[in-house]
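Numbering (the numbering used here), first residue to last: 8 to 184. Ideal Cβ positions, reconstructed from N, Cα and C, are used throughout, including at glycine. Remember, it's a predicted structure, so these values are computed and weren't measured experimentally.
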Amino acid sequence: MISGSSDKLLVLGKVIRPHGLEGLLRVWSYSSSEASFIDAEEIYLRHVSGKLSRYRVLSVSPHKNILLMNLEGMNSIDQAEELRGAEVLVRYEAITCEEGEYLWHELIGLKVFLDTGDYLGAISGIIPAGSNEIYVVGTGEDAIFLPATHEVVQEIDLEKGKMTISAMEGLLDLNEV
């Protein structure tokens, strides 16, 4: 949190290094699109030292498997170099999700039930895997890996802290290998 503010901040990425000589930043995004950064209009950078600074986002564009970010007041490679390794954060309120989309931190800890009512465990992690994520339910050798698809996930109820799934034939058997 920012000192003197009650705004919650979410980590959305990390500054890898400068790009070019004009102060552009190469950012590894933890988000599935650059829209999260653009919609926020301003970001916060938590320097490696722990110092938190606020910047206005001028532009964000995809570049290979990263994002190029242009921030107001960031005009040189030297300024950008000082931000190497900084975490990129945005205010929670600035993130907008489409209907049926959720932020990872909202899903971690949800209790997962089969549509028969059987309890499987709680979501302990999420693995990005191309077009969908994989929900990790439980921990250790007993962990179950569930694809985050409409065929498997039937309902997510954040208020009740619960997810209901329909196990396609063989899905839970694969997790026992």
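Cβ of residue i within 8 Å of any chain C Cβ
i: residue 120; result: Protein chains in the displayed structure number just one, and chain C is not present.
Residue i (DSSP reduced to helix, strand or coil)
i: residue 165; result: coil
i: residue 102; result: coil
i: residue 90; result: coil
i: residue 43; result: helix
i: residue 124; result: coil
i: residue 113; result: helix
i: residue 11; result: Legend: pLDDT at residue 11 = 32, less than 50; position of this residue unreliable, value from coordinates given subsequently. Residue 11: coil per DSSP, three-state reduction.
i: residue 140; result: strand
i: residue 20; result: strand
i: residue 49; result: strand
i: residue 147; result: helix
Buried versus exposed call for residue i [16 or more other C-beta atoms within 10 Å across all chains shown]
i: residue 175; result: exposed
i: residue 134; result: exposed
i: residue 26; result: buried
i: residue 68; result: exposed
i: residue 147; result: exposed
i: residue 99; result: exposed
i: residue 124; result: exposed
Any non-hydrogen atom of the ligand HEM within 7 Å of residue i CB
i: residue 126; result: What this structure holds is no ligand at all, so the ligand HEM is not there to describe.
Whole-number beta carbon distance between residue j and residue i, since they are thought to touch under 8 Å
i: residue 155; j: residue 140; result: 4 Å
i: residue 118; j: residue 109; result: So it is not a contact: roughly 15 Å between Cβ atoms.
i: residue 172; j: residue 122; result: 7 Å
i: residue 29; j: residue 82; result: 7 Å
i: residue 150; j: residue 144; result: 7 Å
For this session: Could you say if the stretch 93–100 and the stretch 50–63 meet the contact criterion of at least three C-beta pairs nearer than 8 Å?
Result: yes
Exercise. Quick one: any contact between the stretch 74–90 and the stretch 28–48, if contact means 3 or more CB pairs under 8 Å?
Worked result: yes
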